[in-house]
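**Q**
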Amino acid sequence: MSSELLPEDPLPAPGQSRAGLVRGAAGRIETLLAAPTGSLRGGVLICHPHPLYGGALSNKVTYSLAATALKAGFAALRFNFRGVGKSEGRHDEGRGETEDAVLLGGWLRARLPTEAPLLLAGFSFGSFIALKAAARLRPAGLMSVAPPFGKYFGDEPAPPHPGCPWRVLHSRDDEVVSYDSTLVELRRYTPMPELITVDGCGHFFHGRLDEVQSAFTGLLAQAVPA
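Residues in the sequence shown are numbered from 55 upward in steps of one, following the numbering used here.
1. If contact is defined by three or more beta carbon pairs under 8 Å, each pair taking one atom from either stretch, is the region 112-127 in contact with the region 152-169?
2. Starting from the C-beta of F270, find all residues in its chain whose C-beta is less than 7 Å away, skip the five residues before and the five after it, and write them out in chain order.
3. Identify the continuous alpha helix (DSSP H) that holds A115 and give its terminal residues.
4. When you compare only the Cα positions, how much space is there between Q276 and L173?
5. Hey, would you say P68 sits closer than 8 Å to P90, going by beta carbons?
6. Select from L87, P103 and V266 the residue whose C-alpha is nearest the C-alpha of F182.
7. Which residue comes first and which comes last in the alpha helix (DSSP H) that contains V138?
8. Since G283 sits in a beta bridge, which residues does DSSP pair it with?
9. Would DSSP call P66 helix, strand or coil?
10. My assumption, with CB atoms under 8 Å, is that P216 sits in contact with P193. Please give the rounded CB distance.
11. Can you have a look at A280 and say buried or exposed, based on whether 16 or more other CB atoms are within 10 angstroms of its CB?
12. Locate the beta strand (DSSP E) running through S225, then write down its first and last residues.
13. May I have the straight-line CA-CA distance separating L158 from H260, to the nearest angstrom?
14. For V222, count neighbouring C-beta atoms within 10 Å of its own C-beta (all shown protein chains included) and say buried if the count is 16 or more, exposed if not.
15. Give every residue of the same chain whose Cβ lies closer than 6 Å to the Cβ of L185, excluding the five residues on either side of it in the sequence, and list them in chain order.
16. Would you kindly check if the distance between the Cβ of G195 and the Cβ of V278 is under 8 Å?
17. For V238, count neighbouring Cβ atoms within 10 angstroms of its own Cβ and tell me buried if that reaches 16, exposed if not.
18. On the three-state DSSP scale, how would you describe V238?
19. Spell out the partners DSSP gives I83 in its beta bridges.
20. I'd like to know whether the C-beta atoms of G97 and R144 end up nearer to each other than 8 Å.
21. Run through the DSSP bridge pairs and tell me what L249 is partnered with.
22. Among residues of its own chain, excluding the 5 on either side of R281, which ones have a beta-carbon nearer than 6 Å to its beta-carbon?
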């Protein structure tokens with residue numbers, strides 16, 4: 055059973071994970087924090103896909119991002135957006151979700167060694183939230199998987215460039231988020247993020263999670279050289 059994670063709680067022991075609850079603006083936020091087995095290189099906050107369409111911290115792409123981070127030596131913090139699982143509150147069209155991501159990014163950063171970097175990652179809706187949060191968290195790197203520019207946010211402007219190594223993974227045959235629309239939006243950024251284009255993965259990368267793992271492993275190596 056999850057218990058409240060107090061401000062002084064450290065990272066779990068190497069190779070261990072801990073479920074918990076963190077106080078947020080709309081109530082408690084359900085979290086799952088895991089530590090790598092070896093030396094700690096940093097931490098990654100990972101955001102899941104749209105909560106109104108089944109998105110949760112258990113999503114397989116989100117899980118794959120966390121597993122990749124752990125394998126590379128990074129602590130991985132996943133969390134449920136408002137109204138999902140044990141997280142309190144209601145869906146807030148990306149506004150409150152961004153506030154929660156910023157809070158948890160700071161929460162994770164406070165538990166890392168002073169010199170250890172914080173990175174952000176997200177899938178679909180979660181990638182847009184991570185990009186928005188990056189403007190305030192100033193991460194060392196950002197991984198975006200199938201970012202839905204404009205799809206869920208109406209006339210909201212695109213977030214600013216995160217100012218760090220930024221890698222985007224998108225399948226050309228994505229049936230949920232238009233690859234062509236993503237390409238148009240990415241070209242507006244200077245510098246343009248590194249776009250990794252794949253074929254045959256669809257939006258959910260069924261049977262192709264190795265593409266996610268490979269892209270994220272490369273971003274981690276670029277942002278935080280061993």
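Glycine included, every Cβ here is placed at the ideal spot set by N, Cα and C.
**A** This is what the structure gives:
1. no
2. L119, T122, A175 and M197
3. Residue identity differs from the one stated: residue 115 is Val in this sequence, not Ala. V115 -> alpha helix (DSSP H) spans K114 to K125.
4. 12 Å
5. yes
6. P103
7. Careful: V138 lies outside any alpha helix (DSSP H) and carries neither H nor E.
8. The structure shown does not extend to residue 283, since the chain spans only 55 to 280, so no value can be given for it.
9. coil
10. Distance from P216 to P193 at the Cβ level is roughly 6 Å; contact confirmed, criterion being Cβ atoms closer than 8 Å.
11. By the neighbour-count rule (16 or more Cβ atoms within 10 Å), A280 is not buried but exposed.
12. W220 to S225
13. Taking the straight line joining both Cα atoms gives about 29 Å.
14. buried
15. Only P213 meet the Cβ criterion.
16. Yes, the Cβ-Cβ distance between V278 and G195 is below 8 Å.
17. exposed
18. helix
19. V76
20. Not closer than 8 Å, so no.
21. Paired residue(s): V222.
22. Here the chain comprises residues numbered 55 to 280, so residue 281 is not present and cannot be evaluated.
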